[in-house]
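These notes are about the structure you will find just below.
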Amino acid sequence: MEPTITFRFSDLPLELALLVLKYAAEPTFSQKETYAEKNPYADAISLCRVSRLVRRTVLPELLHTVSLRRCLGVRMFANALLMQQVYAETKNDLFFDYPSAVQRVWISHPYFRERRLPDSEVRDYMSSLLPVLLAAPALAIDWHNLKLFVRSVENAWTSRPDRNVDDRFPGRTQSLMVMPTFGGNQFSLHRSPTSLT
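This is the structure:
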């Protein structure tokens with residue numbers, strides 16, 4: 013029997029260890045399993061629980077592409093954003109600037125109509141998501157949610173405290189894809205979405 017060679021992850025050079033963590037944290041959107049069976053963010057979320065250093069390394073990969081396909085996902089992401097606001101106010105080590113890390117957002121399911129959420133809850137979600145949606149360079153959104161998003165932007169823009177400070181629009185979206193809204197839980201990939209770039 014040959015001797016077993018053991019190697020600890022902590023023995024890797026720091027640069028290589030960081031590359032391994034970043035690679036392991038990339039969401040697996042091209043997986044064979046359905047998303048209901050395996051969350052594409054599952055590995056990255058598990059890695060975030062290892063340590064603060066690993067969490068800081070993994071979060072940019074986890075947040076690079078945010079896919080909000082169900083009501084539960086939107087609620088969880090909105091709650092995470094609210095938690096980050098509290099962490100920022102209390103100067104907690106767990107604070108991370110989500111809007112700066114998010115590069116793409118995909119809201120493809122008419123999640124607000126999924127359970128007929130009350131208007132107050134819809135407004136809360138959109139106001140929580142607004143900084144991320146405005147900061148993301150690429151946004152794919154269905155028609156129904158685009159209307160809600162535009163209303164939230166209009167409300168935020170008209171209710172800003174000092175309207176004379178800066179008249180430039182704060183968004184940095186460079187690529188916008190608007191998809192048709194489908195009723196029920198159906199989303200057909202046979203129809204081509206409208207892309208505005």
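Note that the working numbering has the sequence shown beginning at 13, numbered continuously upward. Backbone N, C-alpha and C define an ideal beta-carbon position, used for all residues, glycine too.
**Message:** With distance defined between alpha-carbon atoms, name the residue in 30, 85 and 84 nearest to residue 66.
**Reply:** Along the sequence shown, one-based indexing puts residue 66 at 54. Comparing Cα-Cα distances from residue 66 to each of 30, 85 and 84, the minimum goes to 30.
Assuming residue 162 and residue 145 make a contact with CB atoms under 8 Å, what is their CB distance in whole Å?
-> Translated into the one-based positions of the sequence shown, residue 162 becomes position 150. Translated into the one-based positions of the sequence shown, residue 145 becomes position 133. Contact between residue 162 and residue 145 fails: their C-beta atoms lie close to 11 Å from each other, not under 8 Å.
Along the chain, where does the alpha helix (DSSP H) containing residue 152 start, and where does it finish? For the purposes of this step, residue 152 is taken as residue 140 along the sequence shown, with counting starting at 1. Secondary structure note for residue 152: it is in no alpha helix (DSSP H), and the uninterrupted beta strand (DSSP E) holding it is 150–154.
From the DSSP output, which residues share a beta bridge with residue 119?
Counted from its first residue, the sequence shown places residue 119 at position 107. The partner list for residue 119 (beta bridge, DSSP) reads 80 and 153.
According to DSSP, is residue 191 part of a helix, a strand, or is it coil? Numbered from 1 along the sequence shown, position 179 holds the residue referred to as residue 191. Here residue 191 sits in strand by DSSP.
Cβ distance (whole Å) where residue 96 is taken to contact residue 150 below 8 Å = Residue 96 sits at position 84 when you count from the first residue of the sequence shown. Residue 150 sits at position 138 when you count from the first residue of the sequence shown. With a Cβ gap of about 21 Å, residue 96 and residue 150 do not count as contacting.
(message) Taking 8 Å as the limit between beta carbons, can you name the residues of its chain near residue 92, skipping five residues before and five after?
(response) Walking along the sequence shown from the start, residue 92 turns up at place 80. 110, listed in sequence order.
Report task. Leaving aside the five residues before and after residue 58 along the sequence, list all residues of the same chain whose C-beta is less than 7 Å from its C-beta, in chain order. Result -> Taking the first residue of the sequence shown as 1, we reach residue 58 at position 46. Once the five neighbours on either side are set aside, residue 58 has no close Cβ partner at all.
Please classify residue 185: does DSSP put it in a helix, a strand, or coil? Locating residue 185 in the sequence shown gives position 173, counting from the first residue. In the three-state reduction of the DSSP assignment, residue 185 falls in the coil class, being assigned neither a helical nor a strand state.
Measure how close the beta-carbons of residue 165 and residue 142 come, nearest whole angstrom, since I'm counting them as under 8 Å.
On the sequence shown, residue 165 is found 153 positions in, with the first residue counted as 1. On the sequence shown, residue 142 is found 130 positions in, with the first residue counted as 1. Correct: roughly 7 Å between the Cβ atoms.
Along the alpha helix (DSSP H) that carries residue 111, what are the first and last residues, could you check?
By one-based count along the sequence shown, residue 111 stands at place 99. Looking at the DSSP string, the run of the alpha helix (DSSP H) that includes residue 111 is 110–113.
By Cβ distance below 8 Å, which residues in the same chain neighbour residue 147 in space, the five residues on each side in sequence not counted?
Locating residue 147 in the sequence shown gives position 135, counting from the first residue. Result list for residue 147: 111, 112, 114, 183 and 184, in chain order.
### Task
Could you check the C-alpha separation between residue 102 and residue 171 for me, to the nearest Å?
Residue mapping note: residue 102 aligns to position 90 of the sequence shown, counting from 1. Residue mapping note: residue 171 aligns to position 159 of the sequence shown, counting from 1. The alpha-carbon atoms of residue 102 and residue 171 are separated by roughly 26 Å.
Quiz item: Using the C-alpha atoms, what's the distance from residue 60 back to residue 72?
Solution: Counting from 1 along the sequence shown, the entry for residue 72 is found at position 60. Counting from 1 along the sequence shown, the entry for residue 60 is found at position 48. If you draw a straight line from the Cα of residue 72 to the Cα of residue 60, it comes to about 11 Å.
- Query: DSSP three-state call for residue 63: helix, strand or coil?
  - Reply: Position 51 of the sequence shown holds residue 63. Residue state, collapsed to three classes: coil.
Next item on the list: Just mark residue 100 as buried or exposed, buried being the case when its beta carbon has 16 or more other beta carbons within 10 Å.
Entry: By one-based count along the sequence shown, residue 100 stands at place 88. Flag for residue 100 reads exposed.
query: Nearest to residue 38 by alpha carbon, out of 75, 98 and 156?
result: The residue given as residue 38 occupies position 26 in the sequence shown. Comparing Cα positions, the closest option is 75.
(message) What would DSSP say about residue 34, mapped onto helix, strand or coil?
(response) Here residue 34 corresponds to residue number 22 of the sequence shown, with the count starting at 1. Three-state DSSP puts residue 34 in a helix.
* Quick one: what's got a C-beta closer than 6 Å to residue 138's C-beta in the same chain, skipping five residues either side? -> Translated into the one-based positions of the sequence shown, residue 138 becomes position 126. Hits under 6 Å: 160 and 164.
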